[in-house]
Amino acid sequence: MTNHVFSQRKPLLLSRRQVLETGVLNAAGMMLAAKLAGQDGSEKSAEAGSAATPPARAKAVIQIWLAGGPTHIDTFDPKPDAGADYTGPLGGTSATNVEGMRIGELLPELSKLADKYSLIRSLTHGVNGHETASYLTQTGRMPGRIVYPAVGAVVTAFKGFPKEKKKKDLKESLIPPYVVLTSPQGRFSEAGFMGIRYKPFATGGDPNAARFAVEGIVAADLSDAQQRQRRELLKRMNSLGSTLREDTSLAVAAKSRDDAYDLMLGDSGQVFDLSVEDDALRQRYGRTKFGQSCLAARRLIEQGTKFVTINHGGWDTHKNHFPAMRRKLPELDRGLASLIADLSDRGLLDSTIVWCIGEFGRSPKVATESPWNGGRHHFGAVFSTLVAGGGFKGGQVVGESTSTAERVKDRPVYPGDLIGTMYELVGIDPEAGLPHPRGDFIRATPGADEGMESGGRLTEIT
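Under my numbering, residue 1145 is the last one in the sequence shown; the count climbs by one each step, no gaps.
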């Protein structure tokens, strides 16, 4: 086992009061302050530089998080022969461009791209509670004494803060390495014990709005010209900064302020301006919050972000499941298919993992009795996920559920198996140690000594 040791964390150089004095106490300012604390030598970046570290095939990950638990039987693991008690009114399927692979009837756009993604139909963890299942799916571990970091935070630790930057890359470095579009996921601590430096930047706002009001970067009620006027007024009023030019703490605060303003008004912030995209492409993604979030994710990856989560909720369909699916599945189909196709067209799919998953599936047998009126409930015994790009093969199906999609029939896959496989694809040794505030050694993925079940890495699709 490789023993990676991380340095002790030192306090942030910027206090809350100092950041207040710069006038940028907002999500962007705090994020930048945390980044500066790590880039000025007070904390080392995570490293995976052992002989066991696999060569990186992916540079970034886009996670489509279907919060609430998406139905597997209506999406990626249809069972048309199970009968109406299981299929409800969605008894049809879509033939894909891969022979023998069929998906749900409301996913026609994804059916055209099956050669570019693989389906895992035998995910399992057996947990039916939202919080525990979300934590387990995102970390590979069960809740306990240690609060483990989610996949996005781990990827950020190892890949989000390169030690050296060339001058031409300085503006690119202002783009957050870990972004959530648009609201925080909320059911687990993304950074866990690793701390604030590895938390995601949640944009807020709506990328489908006329102006994508990114929290702390774009003010919905202020124009760019007004923002610039306020910046100039702040400069003129900052007599303390002019007097104490040599003060190190104030210099760092000023750098944080200038970087925050560059995100708001400079080239870096333009990554969030979707109006520069061709209108036909925007229509192709779908003029919805989810569709435009997929487009924003592609733009962020192009600019160097390492992990983007699109937090797409509304899948907790205990009641009136099928009317909800007739709304949500076409939206998912259009946005996700456009994202995969767009990444492929731009030559980015080979280096970008796309991962579509929720915390569990939903009960295959339809709850027709009152008060559910055709609902599906939480179901952790078996569920599905879609993975594409970044070293994952396309056109493959891993595992199989039973004829009614109620149990794993073949090749169980546990969350840690999938997480470890993705770490290897992005060049992270799954046995590497994570940055810990006390310097404790904690593996990136659970070992056999932790008692977590494993079906092994997904070598059949990598």
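By construction, the Cβ of each residue, glycine as well, lies at the ideal position given by its N, Cα and C atoms.
Would you call residue i buried or exposed, if buried means 16 or more other Cβ atoms sit within 10 Å of its Cβ?
| i | result |
| --- | --- |
| G1116 | buried |
| A1131 | exposed |
| I829 | exposed |
| I879 | exposed |
| G809 | exposed |
| D1028 | exposed |
| G1139 | exposed |
| D723 | In this prediction, D723 has a pLDDT of 36, which is less than 50 and means its spatial position is unreliable; nothing more can be read from the coordinates. |
| A885 | buried |
| G1058 | buried |
| A778 | exposed |
| M947 | Only weak support exists for where M947 lies, its pLDDT of 49 falling under 50; the value from the coordinates is given anyway. With 16 or more Cβ atoms within 10 Å of its Cβ, M947 is classed as buried. |
| Q868 | buried |
| P826 | exposed |
| M713 | Because the pLDDT at M713 is just 43, under 50, the model does not fix this residue reliably, and the point stays unresolved. |
| A1155 | There is simply no residue 1155 to check, as the chain begins at 684 and stops at 1145 in what is shown. |
| Q691 | With a pLDDT of 33 at Q691, under the threshold of 50, the predicted position of this residue should be treated as unreliable, though the coordinate-derived value follows. It is exposed - the Cβ of Q691 has fewer than 16 other Cβ atoms within 10 Å. |
| Q966 | exposed |
| S958 | exposed |
| D1100 | buried |
| D760 | buried |
| A717 | Note that A717 scores 45 on pLDDT, short of 50, meaning its location in the model is unreliable and no value can be drawn from it. |
| K1053 | For clarity, residue 1053 is Ser in the given sequence; the question names Lys instead. Classification of S1053: exposed, given that the 10 Å Cβ count is below 16. |
Can you tell me which of the three DSSP states residue i falls into?
| i | result |
| --- | --- |
| Y1097 | coil |
| T754 | coil |
| A893 | coil |
| E1143 | helix |
| L864 | strand |
| A1131 | helix |
| L793 | helix |
| Y800 | strand |
| R1045 | strand |
| E814 | helix |
| A1088 | coil |
| S1053 | coil |
| V781 | coil |
| L773 | coil |
| S805 | strand |
| V834 | helix |
| H1119 | coil |
| I858 | coil |
| A731 | Because A731 carries a pLDDT of 39, less than 50, the predicted location of this residue cannot be relied on, and no value is offered for it. |
| V1109 | coil |
| I1125 | coil |
| F871 | coil |
| F841 | helix |
Rounded C-beta distance between residue i and residue j? I'm assuming under 8 Å.
| i | j | result |
| --- | --- | --- |
| S976 | T865 | 6 Å |
| G1044 | V1065 | 7 Å |
| M877 | A836 | 6 Å |
| E960 | R870 | The Cβ separation is near 32 Å, so there is no contact. |
| R1017 | E792 | 6 Å |
| Q986 | V1037 | Going by Cβ atoms, the distance from Q986 to V1037 rounds to 17 Å, so no, they are not a contact pair. |
| E1107 | P737 | 5 Å |
| S801 | K1048 | Rounded, the Cβ-Cβ distance is 27 Å, inconsistent with contact. |
| V863 | T992 | 5 Å |
| T971 | N1056 | Wrong, their Cβ atoms sit about 26 Å apart, outside the cutoff. |
| L1032 | G1072 | 4 Å |
| F990 | A739 | Actually they do not touch by this definition, with Cβ atoms about 14 Å apart. |
Which stretch, first to last residue, makes up the alpha helix (DSSP H) that contains residue i?
| i | result |
| --- | --- |
| F1066 | Here F1066 belongs to no alpha helix (DSSP H); instead the beta strand (DSSP E) covers 1066 to 1071. |
| S976 | 972 to 985 |
| I1023 | 1004 to 1028 |
| L964 | 962 to 968 |
Mind checking which residues open and close the beta strand (DSSP E) that includes residue i?
| i | result |
| --- | --- |
| G787 | 785 to 787 |
| T776 | 776 to 778 |
| T886 | Note, T886: premise wrong, no beta strand (DSSP E); not H, not E. |
| Q1079 | 1079 to 1081 |
| Q743 | Position check: residue 743 holds Ala in this sequence, whereas Gln was assumed. A743 -> beta strand (DSSP E) spans 743 to 748. |
| I993 | 990 to 994 |
| V1037 | 1035 to 1040 |
Quick one: is the Cβ of residue i within less than 8 Å of any heavy atom of the ligand MN?
| i | result |
| --- | --- |
| V862 | As presented, the structure is devoid of all ligands, the ligand MN included, so that no description of it is given. |
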